[in-house]
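> Please read through the structure below; I'll follow up with questions.
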Amino acid sequence: MQQIINFIIRNKNFLLFLLLFLLALVFTIQSHSYHKSKFVNSANFVSGGVYNSVNNISEYLHLKSQNQLLTEENNRLRNLLFNSNVNADSTFIDTTKFGLAYKFYSASIIKNSYTTKDNILLINKGEKDSIKQDYGVISSKGVIGIIDKTSNRFATVISILNTTNKISAQLKKSNHFGTLTWNGQNPATVQLIDIPVNAKVTVGDTIITSGRSSIFPKNIGIGVVKDFEKDVAENFYEINISLFNDMTNLEHVYIIENVHKQEINNLLDE
Amino acid sequence: MNSSLILNISRFIMLVLAQVIIFNNVNFYGYINPYIYILFIAFFPVRDNRLTLIFVSFLIGLTIDMFLDSGGMHAAASVFIAYMRPLLLRWSFGTLYEHQTIRFTTIDFGPKISYLILLTFAHHLVLFTLEFFSISKTILILQKTLFCGIFTVILSIILSIIFSRKTK
């Protein structure tokens, strides 16, 4: 017993180093797997508060480009509205429009990240605004990511520029679907894998979300085909996609809640 | 003792804030960022307890991890260099360190640079190994270590020159 205590006292530096290093390693390994519980994340009042107050100042720097983006979106939505054949004068109530499947919330990105292999963003909405894990996040141009951890006022978003992320996506012109991944290199390009080779792919084809998960609805834009090749077994295409979104310049985003998610998941679990 | 405690606490907070607000948004060439918060570990008083240094390094690394959502890789790298520091001090300063007479405000420029270079590259190598976490990406790890390391060393030297004037 005496010797054990002596050993601990003699090697206390090394033992403390080993303990803390192993603890840090455990945290690191957890952060490399999707949706594992992370003790340290930026969705808390200290880091969230700091990023929020910094963002209050720095958002003025991007005001012009963000206004441009919002005007473009307004323009697109106005086109849709005035060219649709809905008669706004009539008092006809379509009861099938009640109980919509998706709810939208708006938020701002207060911490952007695109330089590392597993990028995580921070938004200024949290549990107080009824944001929960696994809600989808999109911008006016396309998919941004999926909500991961939430605190009272903030939430972290697993960006599509994250090597652990897997989103179901498909070609717009046919229903061939695959998985969206990222190889961790260029923040303007993501990869679509598992598209069968009998699908007709050409450069410039639009890629959209497939709506096969309960996170994103169908028809949200992702990007266009940049180039493609067959994988080693020659059964599937590996497609490089250039994103619609400029992931290095993000500010206003929308969060999507699938109202029927619980029902879908219950069905799938049975 | 008391003033050195206050100095170190304010240094801790300033370096963390500078790191997450300014230096993490540099994104030179798209991905090169300096990690200057290791100056806290580099210039932690030599005569203070080694256990304190290891523990405080873990804390500063974990704080950076919290801000950057990077799990525990900064904490691991910081603890690693905090444990390695006496060895690196001996390599760079030799007998000056052996006799425990070393003070960071009065040391020569040459050994100080070599000390910062050793510390930075040790830190960055552990950091990027844990970030990529794959042997097949060794070239990428070494490349990022080299580029970010050069950037960090240059900035650390500039910062240490600017702030050492005040203490004299």
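Residue numbers (our numbering), protein chains in the order written: chain V, 4 to 273; chain Z, 48 to 215.
Ideal Cβ placement from N, Cα and C applies to all residues, glycine included.
Model, not experiment: these values are computed from the prediction.
Just reading off the alpha helix (DSSP H) that Lys233 (chain V) is part of, what are its end residues?
For this step, residue 233 (chain V) is matched to residue 230 along the first sequence. First-last for Lys233 (chain V): 224-233, but that is the beta strand (DSSP E), not the alpha helix (DSSP H).
> Pairing CB atoms from the segment 8-27 of chain V with CB atoms from the segment 246-261 of chain V, are three or more of them under 8 Å?
Touching, no, given that fewer than three Cβ pairs across the two stretches are closer than 8 Å.
> Expressed to the nearest angstrom, what Euclidean distance is found between the alpha-carbon atoms of Ile218 (chain V) and Leu98 (chain Z)?
Taking the first residue of the first sequence as 1, we reach residue 218 (chain V) at position 215. Taking the first residue of the second sequence as 1, we reach residue 98 (chain Z) at position 51. In a straight line, the C-alpha of Ile218 (chain V) is about 47 Å away from that of Leu98 (chain Z).
> Taking the continuous beta strand (DSSP E) assigned at Pro199 (chain V), which residues delimit it?
Here the question's residue 199 (chain V) lines up with position 196 in the first sequence. Per DSSP, Pro199 (chain V) belongs to the beta strand (DSSP E) from 192-199.
> List, in chain order, every chain V residue whose beta-carbon is nearer than 8 Å to that of Asn49 (chain Z).
Mapped onto the second sequence, residue 49 (chain Z) falls at position 2. Simply none; closest approach about 25 Å.
> What does Val103 (chain Z) reach in chain V if we use C-beta pairs closer than 7 Å?
Start at 1 with the first residue of the second sequence, and residue 103 (chain Z) comes out as number 56. Result: empty, since nearest Cβ-Cβ is about 11 Å, beyond 7 Å.
> Under 8 Å: do the segment 105-123 of chain Z and the segment 172-192 of chain Z share three or more Cβ pairs, one atom per stretch?
Enough Cβ pairs lie closer than 8 Å, so yes.
> For a contact meaning CB atoms closer than 7 Å, what does Asp155 (chain Z) contact in chain V?
As a first step, residue 155 (chain Z) is located in the second sequence; it is residue number 108 there, counting from the start. Under the 7 Å cutoff, chain V gives no residues; its nearest Cβ is about 28 Å from Asp155 (chain Z).
> If you scan the segment 54-136 of chain Z from start to end, which runs of the alpha helix (DSSP H) of 4 or more residues do you find wholly inside it?
Fully enclosed alpha helix (DSSP H) runs of 4 or longer: 86-89, 97-115.
> Can you tell me the Cα-Cα spacing of Leu23 (chain V) and Leu271 (chain V), whole angstroms?
Within the first sequence, the letter at position 20 stands for residue 23 (chain V). Within the first sequence, the letter at position 268 stands for residue 271 (chain V). So the two alpha carbons sit approximately 41 Å from each other.
> How about Ala110 (chain V) and Asn127 (chain V): do their beta carbons lie closer than 8 Å?
As a first step, residue 110 (chain V) is located in the first sequence; it is residue number 107 there, counting from the start. As a first step, residue 127 (chain V) is located in the first sequence; it is residue number 124 there, counting from the start. Yes, the Cβ-Cβ distance between Ala110 (chain V) and Asn127 (chain V) is below 8 Å.
> Could you have a look at Gln173 (chain V) and say whether DSSP puts it in helix, strand or coil?
In the first sequence, the residue the question calls residue 173 (chain V) occupies position 170. Strand at Gln173 (chain V).
> Nearest CA to the CA of Ser162 (chain V): which residue from V:Gly145, V:Val57, V:Arg79?
Within the first sequence, numbered from 1, the residue matching residue 162 (chain V) stands at position 159. Comparing Cα-Cα distances from Ser162 (chain V) to each of V:Gly145, V:Val57, V:Arg79, the minimum goes to V:Gly145.
> What are the start and end residues of the beta strand (DSSP E) that includes Thr31 (chain V)?
If you number the first sequence from 1, residue 31 (chain V) lands on position 28. Note, Thr31 (chain V): premise wrong, no beta strand (DSSP E); alpha helix (DSSP H) at 15-34.
> Leaving out five residues on either side along the sequence, give the residues of the same chain with a beta carbon under 6 Å from the beta carbon of Asn248 (chain V).
As a first step, residue 248 (chain V) must be located in the first sequence, where it is residue number 245. Ser142, Lys144, Gly145, listed in sequence order.
> Whole angstroms are fine: how far does the CA of Thr167 (chain V) sit from the CA of Leu174 (chain V)?
Translated into positions along the first sequence, residue 174 (chain V) becomes position 171. Translated into positions along the first sequence, residue 167 (chain V) becomes position 164. The alpha-carbon atoms of Leu174 (chain V) and Thr167 (chain V) are separated by roughly 22 Å.
> Any C-beta of chain V within less than 9 Å: which residues of the segment 117-129 of chain Z qualify?
Per Cβ criterion, the list reads Ser117, Gly118, Gly119, Met120, His121, Ala122, Ala123, Ala124, Ser125, Val126, Phe127, Ala129.
> What are the start and end residues of the alpha helix (DSSP H) that includes Tyr162 (chain Z)?
As a first step, residue 162 (chain Z) must be located in the second sequence, where it is residue number 115. Here the alpha helix (DSSP H) through Tyr162 (chain Z) covers 156-179.
> Which whole runs of the beta strand (DSSP E) in the segment 232-273 of chain V are 3 residues long or more, in chain order?
Correct list: 239-246, 255-261.
> Spell out a yes or no on whether the segment 201-215 of chain V and the segment 61-77 of chain Z are touching, meaning 3 or more CB-CB pairs, one atom from each, closer than 8 Å.
No, because fewer than three Cβ pairs between the segment 201-215 of chain V and the segment 61-77 of chain Z fall closer than 8 Å, the two stretches do not touch.
> Let me confirm a value: Pro199 (chain V) is counted as buried when at least 16 other C-beta atoms fall within 10 Å, else exposed. Which label applies?
Here residue 199 (chain V) is taken as the residue at index 196 of the first sequence, counted from 1. The residue is exposed, with fewer than 16 neighbouring Cβ atoms inside 10 Å.
> Just reading off the alpha helix (DSSP H) that Val49 (chain V) is part of, what are its end residues?
To locate residue 49 (chain V), count along the first sequence from 1; it is residue 46. Counting along the chain, the alpha helix (DSSP H) containing Val49 (chain V) begins and ends at 48-61.
> Within 8 Å (strictly less), CB to CB, does Ile123 (chain V) reach chain Z?
Counted from its first residue, the first sequence places residue 123 (chain V) at position 120. It does: the Cβ of Ile123 (chain V) has a partner Cβ on chain Z nearer than 8 Å.
> Which residues in chain B have a C-beta closer than 8 Å to the C-beta of His35 (chain V)? List them in chain order.
Looking at the structure shown, chain B is missing, and the protein chains on hand are V and Z.
> Taking the alpha helix (DSSP H) that Leu84 (chain V) falls in, what are its first and last residues?
Translated into the one-based positions of the first sequence, residue 84 (chain V) becomes position 81. That run of the alpha helix (DSSP H) goes 66-86.
> Going by C-alpha distance, which of Z:Ile154, Z:Leu54, Z:Cys195 is nearest Ser76 (chain Z)?
Your numbering for residue 76 (chain Z) matches position 29 in the second sequence. The amino acid occupying residue 76 (chain Z) in the given sequence is Tyr; Ser does not appear at that position. The shortest C-alpha separation from Tyr76 (chain Z) is found at Z:Cys195.
> Could you check whether the Cβ of Arg28 (chain Z) sits closer than 8 Å to any Cβ belonging to chain V?
Since the first residue of chain Z shown is 48 and the last is 215, residue 28 (chain Z) is not available in this structure.
> Counting only beta-carbon separations shorter than 8 Å, does Asn80 (chain Z) have a partner in chain V?
One-based indexing of the second sequence puts residue 80 (chain Z) at position 33. Answer yes: the Cβ-Cβ gap between Asn80 (chain Z) and chain V drops below 8 Å somewhere.
> In chain V, what lies closer than 7 Å to Ile68 (chain Z) by C-beta?
The residue you call residue 68 (chain Z) lines up with position 21 of the second sequence. Chain V residues near Ile68 (chain Z): Val57.
> Report the rounded CA-to-CA distance for Tyr78 (chain Z) versus Thr119 (chain V), giving the unit in angstroms.
Numbered from its first residue, the second sequence carries residue 78 (chain Z) at position 31. Numbered from its first residue, the first sequence carries residue 119 (chain V) at position 116. Rounded to whole angstroms, Tyr78 (chain Z) to Thr119 (chain V) spans 7 Å at the Cα level.
> Just confirm the distance between the C-beta atoms of Val227 (chain V) and Asp208 (chain V), as a whole number of angstroms; I'd bet it's less than 8 Å.
By 1-based counting over the first sequence, the position of residue 227 (chain V) is 224. By 1-based counting over the first sequence, the position of residue 208 (chain V) is 205. Confirmed, Cβ separation roughly 7 Å.
> In the DSSP assignment, the beta strand (DSSP E) including Asn122 (chain V) goes from what residue to what residue?
For the purposes of this step, residue 122 (chain V) is taken as residue 119 along the first sequence, with counting starting at 1. Per DSSP, Asn122 (chain V) belongs to the beta strand (DSSP E) from 121-126.
> Any contact of the segment 40-58 of chain V with the segment 180-188 of chain V, i.e. 3+ C-beta pairs under 8 Å?
Result no; under three Cβ-Cβ pairs closer than 8 Å.
> Going along chain Z in order, which residues have a C-beta closer than 7 Å to the C-beta of Ile120 (chain V)?
Your numbering for residue 120 (chain V) matches position 117 in the first sequence. The residue asked about is misnamed: residue 120 (chain V) is Lys in this sequence, not Ile. Result: Glu178, Phe179.
> Let me check understanding here. Comparing Cα to Cα, which of V:Ile223, V:Glu266, V:Ala46 lies closest to Asn155 (chain V)?
On the first sequence, position 152 is the one that residue 155 (chain V) refers to. Ranking V:Ile223, V:Glu266, V:Ala46 by Cα distance to Asn155 (chain V) puts V:Ala46 first.
> Quick one: Cα of Leu177 (chain Z) to Cα of Ala27 (chain V), how far?
Within the second sequence, residue 177 (chain Z) is the residue found at index 130, counting from 1. Within the first sequence, residue 27 (chain V) is the residue found at index 24, counting from 1. When rounded, the distance between both Cα atoms is 10 Å.
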